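J.: One structure, as structure tokens, below. Some questions next.
There are 2 protein chains.
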Amino acid sequence: MRHIKPEPLTAAAFRPFGDLIEASDAVRHFPINYGNTERYHDLAAIDTGAEGGRTGVSIFRSTPLEGPIVVRLMEYHPLSSQAFVPLSPNPYLVVVAPKGGFDAGAVRVFRAEAGQGVNYHPGTWHHFSLALGAVSDFLVIDRIGEGSNCVEHNLEPADQITVVL
Amino acid sequence: MRHIKPEPLTAAAFRPFGDLIEASDAVRHFPINYGNTERYHDLAAIDTGAEGGRTGVSIFRSTPLEGPIVVRLMEYHPLSSQAFVPLSPNPYLVVVAPKGGFDAGAVRVFRAEAGQGVNYHPGTWHHFSLALGAVSDFLVIDRIGEGSNCVEHNLEPADQITVVL
Numbered sequence: 189m190r191h192i193k194p195e196p197l198t199a200a201a202f203r204p205f206g207d208l209i210e211a212s213d214a215v216r217h218f219p220i221n222y223g224n225t226e227r228y229h230d231l232a233a234i235d236t237g238a239e240g241g242r243t244g245v246s247i248f249r250s251t252p253l254e255g256p257i258v259v260r261l262m263e264y265h266p267l268s269s270q271a272f273v274p275l276s277p278n279p280y281l282v283v284v285a286p287k288g289g290f291d292a293g294a295v296r297v298f299r300a301e302a303g304q305g306v307n308y309h310p311g312t313w314h315h316f317s318l319a320l321g322a323v324s325d326f327l328v329i330d331r332i333g334e335g336s337n338c339v340e341h342n343l344e345p346a347d348q349i350t351v352v353l
Numbered sequence: 189m190r191h192i193k194p195e196p197l198t199a200a201a202f203r204p205f206g207d208l209i210e211a212s213d214a215v216r217h218f219p220i221n222y223g224n225t226e227r228y229h230d231l232a233a234i235d236t237g238a239e240g241g242r243t244g245v246s247i248f249r250s251t252p253l254e255g256p257i258v259v260r261l262m263e264y265h266p267l268s269s270q271a272f273v274p275l276s277p278n279p280y281l282v283v284v285a286p287k288g289g290f291d292a293g294a295v296r297v298f299r300a301e302a303g304q305g306v307n308y309h310p311g312t313w314h315h316f317s318l319a320l321g322a323v324s325d326f327l328v329i330d331r332i333g334e335g336s337n338c339v340e341h342n343l344e345p346a347d348q349i350t351v352v353l
């Protein structure tokens with residue numbers, strides 16, 4: 189069992205795993221609607237079309253796990269990206285590992301703040317939704333369609349990770 | 189000039205114009221993530237592929253108009269749907285008219301509450317983003333691609349609508 193303290197979520201740190209969805213001066217943005225709106229443009233590579241899939245929009249309502257949070261299980265979606273954008277004013281955890289064969293030593297734990305969404309690229313290992321503090325809603329953009337699109341991996345006890353909050 | 193008081197936004201009232209994106213018991217939902225998350229499933233018909241388009245995810249940061257709010261201009265997107273999901277805890281206005289030739293008498297004005305998103309179906313006339321109360325962020329799912337995808341209509345002065353808040 190390892191212990192990991194979450195690191196801050198930044199676009200640069202998250203780039204190997206997917207896209208940070210955030211209204212930041214670091215992304216391309218420009219005024220629209222006669223100056224009444226600033227558009228932070230094209231923040232995520234949505235990829236849902238494999239094997240006849242289509243883009244679906246859903247809301248996930250997630251209850252925080254009973255603490256301490258232990259990473260015992262990871263998953264990935266071979267056929268699609270999956271985006272999570274928080275609709276509640278609460279932070280949440282983002283636990284990822286690089287695509288390919290699962291490498292327990294390469295797991296990263298990020299703390300996402302309210303206002304920060306993520307888009308996992310196809311194949312990126314991630315934990316399921318980990319709300320913090322209160323029941324939280326997330327807008328989820330993922331693939332809806334036939335075919336097997338979720339692979340799970342149970343971590344060996346020695347590889348499991350306790351998140352230090 | 190007409191005056192319209194916004195009506196509440198419900199899925200039934202909005203159906204002629206698009207989808208209501210809301211975690212409601214009225215939509216299909218089911219537990220996932222070993223019971224820690226409830227998935228409110230497949231809430232919007234995303235349609236962005238016309239003429240080589242793809243699904244884009246952006247954030248709109250909208251400043252409320254100086255009051256009173258007058259509907260002078262409507263628009264529609266012939267090639268795609270466009271979804272708005274509020275990321276801020278503020279209500280906003282949704283002003284729509286049926287697709288086809290613009291009919292000023294058929295304009296509807298809805299008040300969306302925090303937690304209620306909308307997805308305009310292709311061709312639905314709508315006003316641009318109308319935040320209320322404070323600068324507000326919206327997650328927007330629309331088409332990114334070449335081609336002319338915005339048609340605007342300026343309302344005649346007699347057809348303009350003052351929104352009574």
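Those protein sequences? They're chains A and B, same order as listed.
Just so we're aligned: 247 in the working numbering is position 59 of the first sequence, and the numbers increase by one with no gaps anywhere.
Just so we're aligned: 304 in the working numbering is position 116 of the second sequence, and the numbers increase by one with no gaps anywhere.
Glycine residues also receive a C-beta, built at the ideal position from the N, C-alpha and C atoms.
It should be emphasised that the depicted structure is a prediction, and the values quoted were computed from it without experimental measurement.
Out of A:195, A:204, A:311, which one is the CA nearest neighbour of residue 266 of chain A?
T.: Checking every option, the nearest Cα to that of residue 266 of chain A belongs to A:311.
J.: Per DSSP, residue 228 of chain A forms a beta bridge with which residues?
T.: Partner(s): A:217, B:247.
J.: Whose Cβ in chain B lies nearer than 9 Å to the Cβ of residue 228 of chain A?
T.: By Cβ distance, chain B contributes 246, 247, 248, 249, 325.
J.: Can you say whether residue 262 of chain A is buried or exposed, counting buried as having 16 or more other CB atoms within 10 angstroms of its CB?
T.: Residue 262 of chain A should be labelled buried.
J.: Could you check if residue 309 of chain B is buried or exposed, using at least 16 other CB atoms within 10 Å of its CB as the buried criterion?
T.: Under this definition residue 309 of chain B is a buried residue.
J.: Where does residue 293 of chain B fall in DSSP's three states?
T.: Looking at residue 293 of chain B - three-state DSSP - the assignment turns out to be helix.
J.: Shorter than 8 Å from the beta carbon of residue 275 of chain A to some beta carbon of chain B?
T.: So yes, residue 275 of chain A belongs to the interface.
J.: Check the C-beta distance from residue 226 of chain B over to residue 217 of chain B and give it rounded, since I have them as a contact under 8 Å.
T.: That belief holds up - the Cβ atoms of residue 226 of chain B and residue 217 of chain B are roughly 5 Å apart, short of 8 Å.
J.: Assuming residue 299 of chain B contacts residue 281 of chain B under a Cβ cut-off of 8 Å, what Cβ separation, rounded to an integer in Å, is found between them?
T.: The Cβ separation is near 6 Å, so the contact holds.
J.: Taking only the alpha-carbon atoms, compute the straight-line gap between residue 323 of chain A and residue 254 of chain A and give it to the nearest angstrom.
T.: Straight-line Cα distance between these residues: approximately 12 Å.
J.: Nearest to residue 215 of chain B by alpha carbon, out of B:222, B:221, B:207?
T.: It is B:207.
J.: So with CB distances below 9 Å, who are the chain A contacts of residue 225 of chain B?
T.: Within chain A, the residues near residue 225 of chain B are 248, 249, 250, 251, 316, 317, 319, 326.
J.: Applying the criterion that 16 or more other CB atoms from any shown protein chain within 10 Å of the CB defines a buried residue, is residue 222 of chain B buried or exposed?
T.: Exposed is the call here.
J.: What in chain A is Cβ-close to residue 271 of chain B, meaning under 8 Å?
T.: What residue 271 of chain B touches in chain A: 245.
J.: Cβ of residue 234 of chain A less than 8 Å from any chain B Cβ?
T.: Interface residue, yes.
J.: Could you check the C-alpha separation between residue 272 of chain B and residue 233 of chain B for me, to the nearest Å?
T.: Their Cα atoms are separated by approximately 13 Å.
J.: Determine which residues of the region 198-216 of chain A have a Cβ less than 7 Å from any Cβ of chain B, and write them out in chain order.
T.: For the region 198-216 of chain A, which is checked against every Cβ of chain B, the residues closer than 7 Å are 209, 211.
J.: Please report whether the beta-carbon of residue 332 of chain A lies at a distance below 8 Å from any beta-carbon of chain B.
T.: Yes, residue 332 of chain A counts as interfacial toward chain B.
J.: Please work out which residues of its chain come closer than 7 Å, Cβ to Cβ, to residue 352 of chain B, disregarding the five sequence neighbours upstream and downstream, and give them in chain order.
T.: Once the five neighbours on either side are set aside, the close Cβ partners of residue 352 of chain B are 191, 192, 193.
J.: Under 7 Å Cβ-Cβ, which residues of chain A neighbour residue 231 of chain B?
T.: In chain order: 245, 246, 247.
J.: Taking just the CA atoms, how far does residue 314 of chain A sit from residue 284 of chain A?
T.: Straight-line Cα distance between these residues: approximately 4 Å.
J.: Under 7 Å between beta-carbons, which chain A residues line up against residue 240 of chain B? List them in chain order, please.
T.: None at all; the shortest Cβ gap to chain A is about 13 Å.
J.: By Cβ distance below 7 Å, which residues in the same chain neighbour residue 294 of chain B in space, the five residues on each side in sequence not counted?
T.: Same-chain partners within the cutoff: 285, 286.
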